[in-house]
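Worksheet: the structure to be examined is printed underneath.
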Amino acid sequence: MNAANPSQALEHAFAVLRENDRGTYTVPTKGLYPFQWNWDSCLTALGLAELDEDRAWTEIETLFAHQWPDGMIPHIVFHVPSDTYFPGPNVWGTNRPTPTSGITQPAVAGFAAKRLFDRAKDKAMAAARCRALLPKIDAWHRWFYENRDPHGEGLVAILHPWEAGRDNSVDWDEALAQVPTTGFAPYTRRDTDHANPAHRPTKAQYDAYMWLVEHFRALGWDNSRLHDASPFQVIDPAFNAILIRACTDLAALADELGEAEIAARNSAWAQRALPALDTLWSAESGRYLARNRVTDKLIDSQSIGGLLPVFAPIPAARCHAIAEHVQGLLKVLNYIVPSHDIGTAGFEPQRYWRGPVWLVTNYMIADGLRNASELAVADRIARSSLELITKSGFAEYYDPKTGEPLGGGRFTWTAAMVIEFLR
Ligand code: 2M8
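Using the numbering used here, you'd call the opening residue of the sequence shown number 29 and step up by one each time.
Now the structure itself:
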């Protein structure tokens, strides 16, 4: 396939989406991830809309049909049994009618709903679908600020690395070191049956992941208790920025649809969060830094989590600094944007979220830069993304030096992002 030939790339991307379509939801890729994942689905809906708008709305609606009574949207919905993934529903033990995990993921739904609505050819259908989704997305946003920001500082914490979506990012190393790695049931990983173990998290990281799952399960997945009871509470700038963008977009959408209360509430959340996010800016690093809420210390890690806030309406000067930083990475790498900066502590070019390039984060950074009129760098990120799929197909992630495909293959959100980049 040749990205110089966009129609061929597009056909290939549509084929990947069709292959991973399970009727009312998509799986990220078969084998490695046989269920529905939260932010994968919301971003995938953008690509699905190019094939079938009705089907795109269904993707998000299916996810929201499994919202918890307290408002949380879980990170995995286990629609049908499969033994190719660990941990499965019995390990989570959340007692939901359709089994789900017990943690959440980045709140991209509000952004995705607005983008689908803005582009909809069938505006009447889009308005009806949005009206039904708005209160559910609003309830999820409320859940974040009520349960993950108990002191009202305007920033929410993740309680598990899986919540950030950047599972083994260097950003979590220090906080994860405080999580016990003994005292949970023996387990067998399944991810390493499908992907090279050298490209996946380590055993020590999985041990800590499982300790947290068992700890939260023992607390009955009661979200009013989990935050304070968790030894891992990290304020991730990317996670917060995505939520701020979602609140901003949901406010605009609600306003357009005449839902004044939802609009006012979401706008207020975003307005309170933006100055709080700014306290994470590091002039020295030219990016935002995560904060460990347990120790109240900033985490000195040069990761993509500090660049992703460009997705939110942050000040123009911050956007410009991030644009310059991304541009500068091309002096030392062939492909951008790496999930961790080369030449800094913790960088591993092939290990998952510790260095490889991911098209979803590329998409969000490029979108933010475009909104900030940093068009040249946004275009350069799109070009790099298309070069990668041309060279290496629709992989889960890629080596930023060589472009080698890594992790799972024929990956749904990679395909959806290619459709977006080719628009
Ligand atoms: C990866 O995470 C899952 C756990 O949620 C895993 O490795 O088992 C991450 O890349 C995450 O961001 C993504 O949503 C998920 C499915 O693609 O895979």
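Beta carbons: idealized from backbone N, C-alpha and C, even for Gly.
- Annotated three-state conformation of R319 is strand, per DSSP.
- Here the alpha carbons of A156 and P225 stand approximately 45 Å from one another.
- Non-local C-beta neighbours of D235 in its own chain, meaning closer than 7 Å and more than five positions away in sequence, comprise T209, ordered along the chain.
- From the listed residues S420, S329, K325, D427, the smallest Cα separation to I364 is found for D427.
- Positions of the alpha helix (DSSP H) runs, each at least 4 residues long and wholly inside the segment 316 to 401, are given as 344 to 357, 387 to 399 in order along the chain.
- G435 counts as buried, since at least 16 other C-beta atoms from the protein chains shown sit within 10 angstroms of its C-beta.
- A152 is classed as exposed because its beta carbon has fewer than 16 other beta carbons within 10 Å across all chains shown.
- Y237 is bridged by DSSP to nothing; it lacks a bridge partner.
- A straight line joining the alpha-carbon of G333 with that of E81 spans about 31 Å.
- Residue state for I131 is assigned as coil, using DSSP reduced to three classes.
- Buried is the label assigned to N48, since at least 16 other Cβ atoms lie within 10 Å of its Cβ.
- Remark: fewer than three beta-carbon pairs, one from each stretch, lie closer than 8 Å, so the segment 336 to 344 and the segment 203 to 221 are not flagged as touching.
- Residue pairing by DSSP places P433 opposite Y426 in a beta bridge.
- Along the length of the segment 117 to 202, whole alpha helix (DSSP H) runs at least 4 residues long occupy 117 to 120, 137 to 147, 151 to 175, 189 to 192, reported in chain order.
- Contact holds between the segment 249 to 266 and the segment 185 to 205, because three or more Cβ pairs, one in each stretch, are under 8 Å apart.
- As the crow flies, the alpha-carbon of E181 is around 39 Å from that of T220.
- Only residues of its own chain outside the window of five on either side were considered, and among them F106, P127 have a CB closer than 7 Å to the CB of P117, listed in chain order.
- Looking at K142, G286, A223, the one whose alpha-carbon comes closest to that of T57 is A223.
- For D68, the shortest separation between its Cβ and any heavy atom of ligand 1 lies below 8 Å.
- Proximity to V44 across W441, V388, A345, I290 peaks at W441, based on C-alpha coordinates.
- G193 is classed as buried because its beta carbon has at least 16 other beta carbons within 10 Å across all chains shown.
- For the pair L144 and E402, the Cα-to-Cα distance works out to about 23 Å.
- Shown here, D219 sits in a helix according to DSSP, grouped into three states.
- Nearest to P343 by C-alpha distance, out of L397, W85, G383, D328, is L397.
- Taking C-beta separations shorter than 6 Å and ignoring five residues to either side along the sequence, the partners of S413 in its chain run L387, N390, F449, following chain order.
- Between the C-alpha atoms of G75 and R451 there is a straight-line separation of about 10 Å.
- If you draw a straight line from the Cα of I104 to the Cα of Q64, it comes to about 6 Å.
- Scanning its chain for C-beta atoms nearer than 8 Å, with the 5 sequence neighbours on each side dropped, one finds around P178 the residues H255, D256, in chain order.
- In the DSSP assignment, K419 falls within the alpha helix (DSSP H) that extends over 403 to 420.
- Shortest gap from the CB of Q233 to any heavy atom of ligand 1: 8 Å or more.
- Between I270 and the set Q95, R438, I393, R159, the nearest pair of CA atoms involves I393.
- The DSSP-derived three-state label of T52 is coil.
- Here I165 is actually not in contact with A185; their C-beta atoms are around 20 Å apart, not less than 8 Å.
- At least one heavy atom of ligand 1 lies less than 8 Å from the C-beta of I104.
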